[in-house]
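Q: First the structure, which I've put down as structure tokens, then a few questions once you've had a look.
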Amino acid sequence: MKKLVQDFKVLHKKELNDGTFVIDVKASTPLPDIKPGQFVNVLVENANNTFLRRPLSIHFVDYEENIIKLYIKKIGEGTTKLGDLTIGDKLNIVFPLGNQYSIPKNSKTLLIGGGCGVAPLLYLAKYLKDAGNEVTTILGVRSAYDAVELDPYKEYGRIFVTTEDGSVGEKGYPTQHSILNEKFDYAFTCGPEPMMKAVAAYSRSKNITCEVSLENTMACGFGACLCCVTDTKRGNICTCTEGPVFNINELKW
Amino acid sequence: MVNLEVKLKDLILKNPVMTASGTFGYGEEFEDFIDISQLGGILVKGTTRHHREGNPYPRMAETPSGMLNAVGLQNKGVEYFCDKIYPRINHYDTNILVNVSGSVIEDYVETAAIINNLDKIPAIELNISCPNVKEGGMAFGTSCSSAASVVRAVRKVYKKHLMVKLSPNVTDITEIAKAVEAEGADSVSLINTLLGMAIDAETRKPLLSTVTGGLSGPCVKPVALRMVWQVFNAVNIPIVGLGGIMNAKDAIEFILAGASAIQIGTANFIDPQVTVKVVEGIKEYMIRHQVENVTDLIGAIKTQ
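As you go down the protein sequences, you meet chains B and R in turn.
Here numbering that gives the first Met the number 0 is used: position 40 in the first sequence is 39, and no number is missing along the way.
Here numbering that gives the first Met the number 0 is used: position 248 in the second sequence is 247, and no number is missing along the way.
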């Protein structure tokens with residue numbers, strides 16, 4: 000798939016809470032085929048300490064309107080500057096980057112996201128449903144305050160929430176949710192590494208396929224700099240080109 | 000019409016814009032973004048005698064106006080390059096240079112000798128910033144005698160254009176430049192990365208697995224420019240300038256300081272199309288300043 004570097008225009012921005020927002024960016028030309036799990040690398044302008052692009056998950060794609068949705072948490076200067084973008088601003092994007100989650104057919108699929116790791120799961124849910132799969136999503140957050148933007152998932156399957164303080168949904172981590180007593184065929188996850196490792200352990204115990212999305216720091220995003228390597232059974236390989244999605248059996252987890 | 004052609008001795012470049020080793024993969028990574036034949040040359044990834052796994056993650060830290068890297072020359076070795084990669088890229092209508100690295104002199108010599116047999120590789124760039132394992136790990140490029148010894152040994156087996164990439168981590172870069180010139184280097188490229196370090200104050204941990212790493216990006220440009228100017232005044236062989244070039248204006252500055260050609264490195268990560276934009280920008284500058292040949296700009300800084 001051909002990679003592009005292109006200017007997008009900010010069409011819409013929705014603040015989810017004071018730390019997270021969803022931004023819709025529109026291309027002036029038709030978008031290429033974008034797969035769930037792929038990412039973009041965006042240029043942050045006018046930020047003194049943000050020299051490199053910021054890799055971000057693709058939250059959703061609207062081919063009719065040529066819109067990519069990005070789900071962003073303000074963590075450092077770069078993502079905070081992105082939060083300052085307003086309607087009509089330009090955003091330069093290198094995309095689509097990386098591999099994708101596998102799309103099985105007619106299976107029971109489990110999606111587990113933690114924090115802003117939920118970003119790629121909505122688009123994955125759509126793909127999975129379109130391929131005839133049953134989709135169950137669990138989002139793990141700290142409290143009700145962070146349990147935002149859940150409705151879009153309902154279009155593709157069931158959605159459950161866990162909170163660390165029990166303020167909404169089940170109390171605990173997503174890997175402790177009671178729905179995990181059901182039988183699933185596939186587990187797909189994105190979020191903090193300890194959570195993904197717990198999903199990997201759960202998947203191994205149930206003997207089901209598990210794919211995780213890694214978030215290593217990177218410079219280029221397309222395999223030139225060799226900075227974002229992850230230590231796999233095949234040695235050091237680029238997370239940006241061979242990942243970000245890995246089957247847990249490839250990793251030394 | 001402006002003439003962008005430059006000659007590094009016998010090596011003819013259609014324009015002075017090349018890519019820096021380690022920032023351009025094998026060229027293939029950039030095929031979606033640019034037409035590689037529009038460049039004066041490309042420097043492919045650092046190649047060693049044997050497979051190298053590189054350093055553990057984390058290998059990169061962002062710094063103000065730049066980045067530190069500690070990739071550690073990850074590559075599959077020169078034989079893999081010749082068998083698998085070279086056949087895929089040897090159709091590029093540009094000069095393909097291989098950056099040769101090693102940890103003992105014998106490795107440099109063997110690697111250079113193998114690459115000497117590749118028809119479509121007109122030159123190598125010798126990376127003498129690698130630690131010299133037999134001499135306590137000090138980089139070959141940080142003393143005149145060890146820099147001279149590796150260039151002397153490679154010169155015996157390598158018959159084509161021999162470019163030597165100089166380390167800036169030295170007291171006087173002109174002394175090293177003169178030493179490699181005396182051993183038969185055809186050109187020098189400078190600067191390699193500046194040794195640096197980054198710490199996370201909150202965790203008290205270094206940001207790189209190796210603690211220290213190589214600094215690149217616009218933050219090093221003034222240092223690089225100064226060194227190109229100093230070396231230009233010290234040697235007679237052509238100079239290839241690099242260090243933080245982000246646009247055509249930066250490239251012109253290096254040429255004015257004495258570089259016959261330039262390399263673009265870290266900027267490739269931020270704008271994968273930067274190289275061809277720099278070619279266009281140099282043309283535009285020449286038209287605006289009524290300069291017919293880009294060679295007229297080499298060392299043309301007005302110091303009085």
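Every residue, glycine too, gets a C-beta built ideally from N, C-alpha and C.
#1: Can you confirm whether alanine 223/B, when its beta carbon is compared against all beta carbons of chain R, has any partner nearer than 9 Å?
#2: So which of Ile207/B, Phe245/B, Thr240/B, Asn235/B has the shortest CA-CA distance to lysine 107/B?
#3: Identify the contact partners of arginine 225/R in chain A, using a Cβ-Cβ distance below 7 Å as the criterion.
#4: Compute the beta-carbon to beta-carbon distance between leucine 38/R and threonine 110/R, rounded to the nearest angstrom, for a pair I have assumed lies under 8 Å.
#5: What do you reckon, are the CB atoms on asparagine 48/B and glutamate 182/R nearer than 9 Å?
#6: Mark aspartate 145/B as exposed unless 16 or more other C-beta atoms lie within 10 angstroms of its C-beta, in which case mark it buried.
#7: Could you pull the start and end residues of the beta strand (DSSP E) that glutamate 63/B belongs to?
#8: Quick check on DSSP: helix, strand or coil for aspartate 6/B?
#9: If you measure from the beta carbon of tyrosine 56/R to each beta carbon in chain B, is any gap under 9 Å?
#10: Counting only Cβ pairs nearer than 7 Å, list the residues of chain R close to alanine 26/B.
#11: With a threshold of 9 Å between beta-carbons, can asparagine 48/B be considered close to chain R, or not?
#12: Comparing the C-beta of asparagine 2/B with each C-beta of chain R, is any distance below 9 Å?
#13: Beta-carbon of valine 244/B versus every beta-carbon of chain R: anything under 9 Å?
#14: For methionine 17/R, which residues in chain B fall below 8 Å Cβ to Cβ?
#15: Between asparagine 235/B and chain R, is the shortest Cβ-Cβ distance under 9 Å, so that the two count as touching?
#16: Residues of chain B with CB closer than 7 Å to the CB of methionine 66/R, please, in chain order.
#17: Please indicate yes or no: does the CB of threonine 62/R lie closer than 8 Å to some heavy atom of the ligand ADP?
#18: So, for alanine 46/B: in the same chain, excluding its five sequence neighbours on each side, which residues have a beta-carbon less than 7 Å away from its beta-carbon?
#19: In whole angstroms, what separates the C-alpha of cysteine 209/B from that of isoleucine 297/R?
#20: Note down, in chain order, every chain R residue with its Cβ under 7 Å from the Cβ of asparagine 215/B.
#21: Name the residues in the stretch 250-284 of chain R whose C-beta lies less than 9 Å from a C-beta of chain B; which are they?
#22: When the cut-off is 9 Å and only beta carbons count, does glycine 140/R lie next to chain B?
#23: Within 9 Å (strictly less), CB to CB, does glycine 216/R reach chain B?
#24: How many Å lie between threonine 141/R and alanine 152/R at the Cα?
#25: Could you name the residues of the stretch 62-92 of chain R whose beta carbon sits closer than 8 Å to any beta carbon of chain B, in the order they occur along the chain?
#26: Run through DSSP, which three-state label would arginine 225/R get?
#27: Return yes when the Cβ of arginine 53/B is within less than 9 Å of the Cβ of valine 60/B, no when it is not.
#28: Secondary structure at valine 278/R, three-state DSSP: helix, strand or coil?
#29: Is the stretch 156-163 of chain R touching the stretch 132-139 of chain R, taking contact as three or more C-beta pairs under 8 Å?
#30: Assuming alanine 223/R and glycine 195/R form a contact by the criterion Cβ under 8 Å, report the distance between their Cβ atoms to the nearest whole angstrom.
#31: Whose Cβ in chain B lies nearer than 9 Å to the Cβ of glycine 212/R?
#32: Here's the rule I'm using: 16 or more other beta-carbon atoms within 10 Å means buried, otherwise exposed. How should serine 166/R be labelled?
#33: So the candidates are Ala233/R, Asp82/R, Val70/R; which of them puts its Cα closest to the Cα of threonine 22/R?
#34: Give every residue of the same chain whose Cβ lies closer than 7 Å to the Cβ of alanine 260/R, excluding the five residues on either side of it in the sequence, and list them in chain order.
#35: Leaving out five residues on either side along the sequence, give the residues of the same chain with a beta carbon under 7 Å from the beta carbon of lysine 128/B.
#36: Kindly indicate if chain B contains any beta-carbon less than 9 Å away from that of glycine 40/R.
A: So, from the data block:
#1: The count along the first sequence starts at 1 and reaches residue 223/B at position 224. Closer than 9 Å: yes.
#2: Position 108 of the first sequence, counting from 1, holds the residue named residue 107/B. Nearest option by C-alpha distance: Ile207/B.
#3: Checking the listed chains, one finds no chain A in this structure; the protein chains it contains are B and R.
#4: Counted from its first residue, the second sequence places residue 38/R at position 39. Counted from its first residue, the second sequence places residue 110/R at position 111. Their Cβ separation, rounded to whole angstroms, is 24 Å, which puts leucine 38/R and threonine 110/R out of contact at 8 Å.
#5: Start at 1 with the first residue of the first sequence, and residue 48/B comes out as number 49. Start at 1 with the first residue of the second sequence, and residue 182/R comes out as number 183. Cβ atoms of asparagine 48/B and glutamate 182/R: not closer than 9 Å.
#6: Within the first sequence, the letter at position 146 stands for residue 145/B. Buried.
#7: Taking the first residue of the first sequence as 1, we reach residue 63/B at position 64. From DSSP, glutamate 63/B is part of no beta strand (DSSP E); its letter is neither H nor E.
#8: As a first step, residue 6/B must be located in the first sequence, where it is residue number 7. Three-state result, aspartate 6/B: strand.
#9: Against the second sequence, residue 56/R aligns to sequence position 57. Interface residue, yes.
#10: In the first sequence, the residue the question calls residue 26/B occupies position 27. Those do not exist, as alanine 26/B stays about 16 Å from chain R at its closest Cβ, beyond 7 Å.
#11: For the purposes of this step, residue 48/B is taken as the residue at position 49 of the first sequence. Yes, because at least one Cβ of chain R sits closer than 9 Å to the Cβ of asparagine 48/B.
#12: Locating residue 2/B in the first sequence gives position 3, where the first residue counts as 1. Reading off the sequence shown, one finds lysine at residue 2/B, where the question assumed asparagine. Lysine 2/B counts as touching chain R.
#13: Counting from 1 along the first sequence, the entry for residue 244/B is found at position 245. Taking 9 Å as the CB threshold, valine 244/B stays off the interface with chain R.
#14: Position 18 of the second sequence, counted from the first residue, corresponds to residue 17/R. Those within 8 Å of methionine 17/R in chain B number zero; the least Cβ separation is about 15 Å.
#15: In the first sequence, counting from the first residue as 1, residue 235/B sits at position 236. Cβ-Cβ to chain R under 9 Å: yes for asparagine 235/B.
#16: Here the question's residue 66/R lines up with position 67 in the second sequence. Correct list: Phe50, Leu51, Ala218.
#17: Absent from the structure shown: the ligand ADP. Ligands present: none.
#18: Taking the first residue of the first sequence as position 1, residue 46/B is located at position 47. Here the set comprises Glu76, Gly77, Lys80.
#19: On the first sequence, residue 209/B is found 210 positions in, with the first residue counted as 1. On the second sequence, residue 297/R is found 298 positions in, with the first residue counted as 1. Roughly 58 Å between the two C-alpha positions.
#20: Numbered from its first residue, the first sequence carries residue 215/B at position 216. By Cβ distance, chain R contributes Tyr56.
#21: Residues are counted here when their Cβ sits less than 9 Å from a Cβ of chain B; for the stretch 250-284 of chain R these are Thr265, Asn267, Phe268, Ile269, Asp270, Pro271, Gln272, given in chain order.
#22: Position 141 of the second sequence, counted from the start, is the residue given in the question as residue 140/R. False, the Cβ-Cβ gap to chain B never drops below 9 Å.
#23: Numbered from 1 along the second sequence, position 217 holds the residue referred to as residue 216/R. Yes, glycine 216/R lies at the interface with chain B (some Cβ there is under 9 Å from its Cβ).
#24: By 1-based counting over the second sequence, the position of residue 141/R is 142. By 1-based counting over the second sequence, the position of residue 152/R is 153. Threonine 141/R and alanine 152/R: Cα-Cα distance of roughly 17 Å.
#25: Thr62, Pro63, Ser64, Gly65, Met66, Asn68, Val70, Gln73
#26: As a position in the second sequence, residue 225/R is number 226, starting the count at 1. Correct three-state label for arginine 225/R: helix.
#27: Here residue 60/B corresponds to residue number 61 of the first sequence, with the count starting at 1. Here residue 53/B corresponds to residue number 54 of the first sequence, with the count starting at 1. No.
#28: As a working note, residue 278/R is residue 279 in the second sequence. The DSSP-derived three-state label of valine 278/R is helix.
#29: No: the two stretches stay apart, fewer than three of their Cβ pairs being nearer than 8 Å.
#30: Stepping through the second sequence from its first residue, residue 223/R is reached at position 224. Stepping through the second sequence from its first residue, residue 195/R is reached at position 196. Not a contact, Cβ separation roughly 14 Å.
#31: One-based indexing of the second sequence puts residue 212/R at position 213. Under the 9 Å cutoff, chain B gives no residues; its nearest Cβ is about 10 Å from glycine 212/R.
#32: Counting from 1 along the second sequence, the entry for residue 166/R is found at position 167. Its Cβ being crowded by 16 or more others within 10 Å, serine 166/R is buried.
#33: As a first step, residue 22/R is located in the second sequence; it is residue number 23 there, counting from the start. The option with the nearest alpha carbon to threonine 22/R is Val70/R.
#34: For the purposes of this step, residue 260/R is taken as residue 261 along the second sequence, with counting starting at 1. The residues Val5, Leu7, Leu12, Pro15, Met17, Gly39, Val239, in chain order, have a CB closer than 7 Å to that of alanine 260/R in the same chain once the five nearest residues on each side in sequence are set aside.
#35: The residue you call residue 128/B lines up with position 129 of the first sequence. Excluding sequence neighbours, lysine 128/B sits near Val134, Tyr155, Gly156.
#36: Numbered from its first residue, the second sequence carries residue 40/R at position 41. No - not a single Cβ of chain B is within 9 Å of the one on glycine 40/R.
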